[in-house]
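Right, one structure below, let's go through it.
Protein chains: 2
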Amino acid sequence: MQDFIYRNPVQIIFGRGKAAETGDAVSKLGKSALLVFGKESIKSTGLYGRIHQSLAAAGVRAADHGGVKPNPLISHVREGIAKVRAEKLAVVLAVGGGSTMDAAKAIAAGATVDYDPWLFFTEGKRPGGALPVVTIPTLAATGSEMNGNAVLADSVSGLKLGMFSPHCYPAVSILDPELTLTVPKEQTVNGIVDTFSHIMEPYFGGRETDAPVQDRLAEGLMLALFETANRLAQNPQDYRGRADMLWASTVALCGIVQAGRGPAGWENHMLAHSIGALTDAAHGACLAVVMPGWMSYASLTKPEKFDQFAERVIGVKGAQNGVVQLKMLFSQLGAPVTLGQLGLKEQDIPRIADNVLKSVPGGGSLGPAGVEAVLKLCL
Amino acid sequence: MQDFIYRNPVQIIFGRGKAAETGDAVSKLGKSALLVFGKESIKSTGLYGRIHQSLAAAGVRAADHGGVKPNPLISHVREGIAKVRAEKLAVVLAVGGGSTMDAAKAIAAGATVDYDPWLFFTEGKRPGGALPVVTIPTLAATGSEMNGNAVLADSVSGLKLGMFSPHCYPAVSILDPELTLTVPKEQTVNGIVDTFSHIMEPYFGGRETDAPVQDRLAEGLMLALFETANRLAQNPQDYRGRADMLWASTVALCGIVQAGRGPAGWENHMLAHSIGALTDAAHGACLAVVMPGWMSYASLTKPEKFDQFAERVIGVKGAQNGVVQLKMLFSQLGAPVTLGQLGLKEQDIPRIADNVLKSVPGGGSLGPAGVEAVLKLCL
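Protein chains in written order, with my numbering: chain A, 2 to 380; chain B, 2 to 380.
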């Protein structure tokens, strides 16, 4: 195990109908809030109205900031910061998926600095504080509700970049599995794939290979995730399956499973981001295509960990057999597993590779040849 | 999964030689500290001197409060509170095992109230705050370094009782595996058994049976614990094994594995406490004797979970086979697995049962007949 520092101060309020406690939770942090959300669909489901009602009942003045995009834009964050300042708002409340939560974190941190918040992402500038953030995830996927990470995009430069700040941990996250009961099948599957990717990237790609506690926790979480995926495939309305899925996705990226693992290469995210940039396919779909290919490739030179995964998680002998079974599982769930299913052909590979090399200098640990080789295995 | 609230704000500083950072960590919280410790052995190992040196270098004034007993006494806590008040100390620093950390928490909370701190334990009174606590565990066992629990004893009434307060989470815990390299074999094994008990009590005894994420995390941690136990049995000087053991014991009781599981009966701890009270045997030794007996008994009426444990953790079919293998494992590690090995005979059982029923009204979920039946299975 490597040396590490771990601290995750997020308060999780987990349970059926807990969204009704939003007003109480926010009012302990401040008497006014910016309500950040994405699509207008939270209005048709009634959630928007219930949140406003809860805030009003707790004496919290609220201003709306809807319209967060699936790839959340820094320009929209800047507008949010302007609203916070103009209306002197105390808390930033996110209701939505990872994009919405990430945008809320950037607004909360950006409101405390006198420079442009995009510098958090491009120049590694870090806020000295942040307004308190409350999140209410409506999707089980990113784990943003229990970490200090944010990923934003800039439509001018075309860049999509991440940041971390200890000030960006939500103060409170309300995890209400009922809100995820109506998530459509495709998004549910994308969330499962995304959660798996958050466990597998540090598991396979973390610098530390001798980490039995982290290995076993990660393997346990992967096993639980697959069990939950099968349960939800049979009945998307299974509250308990939705609850398991929400908690698994939250734990996956809260840091406890990765602590001591050392930095990971996040090669699958690197490739998936570039495929997403060129196709507009969902993040989870891109990951489902990339991961089996990357695993096949990486296991050629470092088979031990992939053998271990095959045996302990998939229940078969041999790294490549494990990868094939994983690919079949993704496919059975309804995820795409080839570039072709995303509308891409072999001749598109140079264009994807070019985007990768522009986003991550040299293509990270894979190198230019590795990037191309993995993409070919994803055809 | 049941509804839950989870928040664990402890900062973990984990790594080789990190005890040298004590002064820095404490000085961020206050410029004076009560140094709580147990035996004088921390002086002969040089740790005491190094801690004082680190505190002095960081400008922290320190007062000693040694002599914490293995069953930490409330009278000693009262003396610690008096020292904190007389010397106007800002931080409580614990260097030692679970007893020392628990005493430090009670001192830190007790210093903020105007009533006797034993009322936290007997009457459920709760502090509104606490001085910041810093812990440096020298043993891997209790997990006290990452939770808000404390267990204390009163020599007048003979009671040993627990409390929890969100104010009792350490602000910082420094986990330096090097400090545990010299832990003798017997204490190392007790720590392994104790850690296993913290995972298994909620796993088997938690009210919620449909909790696949919690199950898989617990099973993963148990598997890692057994691997680590074997590694340390071969070489107690294996730094990496010690690091894995320390992190496993910390994660076991930090709450993330149990969240959503609902309350557990903690039957094994109930029985082990009474055996310990009558024999002075170490807590881990009492647990090693009790757990296989309780598991055999409980699996008679509720075999499913014990079948699952046998298959997933031990790798055999059938609940009772799993229990036998666990007993053999404990025995191989050097732990006692029968009451006889603790010097107790069948005729002592009524006396133990009597103590149990006095400590936990009715013997908890077991009932008087169950208490006696389990104890007989431990002969």
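Quick reminder that beta carbons are idealized off the backbone N, C-alpha and C, glycines included. What you are looking at is a predicted structure, and each value in this text was computed from that prediction instead of being measured.
- Task: Inspect the beta-carbon positions of ILE175(B) and ILE14(B) and report whether they are closer than 8 angstroms.
- Result: yes
- Message: Within 8 angstroms of any Cβ in chain B, is that where the Cβ of THR229(A) sits?
- Response: yes
- Within 8 angstroms (strictly less), CB to CB, does PRO71(B) reach chain A? No, PRO71(B) does not count as interfacial toward chain A.
- Query: Listed from N- to C-terminal order along the chain, which residues in the stretch 32-48 of chain B have their beta-carbon within a distance smaller than 8 angstroms of any beta-carbon of chain A?
  - Reply: none
- Query: What are the boundary residues of the beta strand (DSSP E) that includes ALA34(B)?
  - Reply: From DSSP, the beta strand (DSSP E) with ALA34(B) extends over 33-38.
- Query: With 16 as the cutoff for other CB atoms within 10 Å, does ALA265(A) come out buried or exposed?
  - Reply: buried
- Message: Using beta carbons (cut-off 8 angstroms, strictly below), is GLY60(A) in contact with chain B?
- Response: no
- Message: Taking the alpha carbon of PRO133(B) as the reference point, which residue from PHE310(B), ALA151(B), ALA172(B) has its own alpha carbon closest?
- Response: ALA172(B)
- Query: DSSP puts MET164(A) in a beta bridge; with which residues?
  - Reply: ALA151(A)
- Can you tell me which of the three DSSP states ALA283(A) falls into? In the structure shown, ALA283(A) sits in coil (DSSP, three-state: anything other than H, G, I, E or B).
- Item | Closest by C-alpha distance to PRO167(B), when choosing among GLN3(A), GLN12(A), MET329(A), PRO351(A) | PRO167(B) has its Cα closest to that of GLN12(A), out of GLN3(A), GLN12(A), MET329(A), PRO351(A).
- List, in order along the chain, the chain B residues whose C-beta lies closer than 8 angstroms to that of ALA397(A)? Past the boundaries of the shown model lies residue 397(A); chain A is included only from 2 to 380, so the question cannot be answered.
- Query: What residues in the stretch 233-255 of chain B bring their beta carbon closer than 7 angstroms to a beta carbon of chain A?
  - Reply: Contact residues of the stretch 233-255 of chain B toward chain A are ARG241, ALA244, ASP245, TRP248, ALA249, VAL252 (C-beta to C-beta distance below 7 angstroms).
- Figure out for me which residue from GLN326(A), SER297(A), ALA311(A), LEU343(A) has the closest Cα to the Cα of HIS284(A). LEU343(A)
- Task: In the DSSP assignment, find the beta strand (DSSP E) that holds GLY97(A) and state where it starts and stops.
- Result: 92-97
- Query: Do SER42(A) and PRO73(A) have their CB atoms nearer than 8 angstroms?
  - Reply: no
- Message: Any beta carbon of chain B sitting closer than 8 angstroms to that of GLY1(A)?
- Response: Nothing can be reported for residue 1(A): it is not among the residues displayed for chain A, which extend from 2 to 380.
- Query: If you compare alpha carbons, which of ALA289(A), GLN235(A), LYS359(A), ASN150(A) is closest to ALA104(A)?
  - Reply: ASN150(A)
- Note down, in chain order, each residue of its chain lying with its Cβ closer than 8 angstroms to the Cβ of LEU84(A), except the 5 sequence neighbours on either side. Per the sequence presented here, residue 84(A) reads as Lys, with Leu not at that position. For LYS84(A), where only same-chain residues beyond five positions count, the Cβ hits under 8 angstroms are LEU35, ALA64, HIS66, LEU90.
- Is there at least one Cβ from chain B nearer than 8 angstroms to TYR204(A)'s Cβ? no
- Query: Under three-state DSSP, which class holds VAL184(A)?
  - Reply: coil
- Query: Which bits of chain A does ASP25(B) rub up against, with CB to CB less than 9 angstroms?
  - Reply: The contacting residues do not exist; ASP25(B) stays about 12 angstroms from chain A at best.
- With 8 angstroms as the threshold, decide whether the Cβ of GLN54(A) is near any Cβ in chain B. No, no contact with chain B.
- Task: Just the chain A side, please: which residues come within less than 8 angstroms of PHE5(B) by C-beta, in chain order?
- Result: ILE13, PHE15, GLY16
- Note down, in chain order, all residues in the stretch 96-111 of chain A with a beta-carbon under 7 angstroms from any beta-carbon belonging to chain B. none
- Message: So if DSSP puts LEU176(B) in a beta bridge, which residue, or which two residues, is it bridged to?
- Response: PHE15(B)
- Task: Return helix, strand or coil for ILE315(B), following the three-state DSSP convention.
- Result: helix
- Using CA coordinates, which residue listed in ILE350(B), LEU376(B), ALA336(B), SER55(B) is at the minimum distance from ALA299(B)? LEU376(B)
- Between the stretch 17-30 of chain A and the stretch 185-194 of chain A, do three or more beta carbon pairs fall short of 8 angstroms? no
- Residue environment, LEU254(A), which counts as buried when at least 16 other CB atoms sit within 10 Å: buried
- Message: Along the chain, where does the alpha helix (DSSP H) containing ARG217(B) start, and where does it finish?
- Response: 213-235
- Could you list which residues in chain A have their beta carbon closer than 7 angstroms to that of GLY261(B), in chain order? PHE15, TRP248
- Message: To the nearest angstrom, how far is the alpha carbon of SER387(B) from that of SER45(B)?
- Response: Examination of residue 387(B) is not possible in this model, given that chain B is present from 2 through 380 alone.
- Can THR229(A) and PRO213(B) be called in contact, C-beta distance under 8 angstroms? yes
- Message: So that I know if they touch, is there some Cβ in chain A lying closer than 8 angstroms to that of ARG127(B)?
- Response: Not an interface residue.
- Message: Whole angstroms are fine: how far does the CA of SER55(A) sit from the CA of GLU22(A)?
- Response: 7 angstroms
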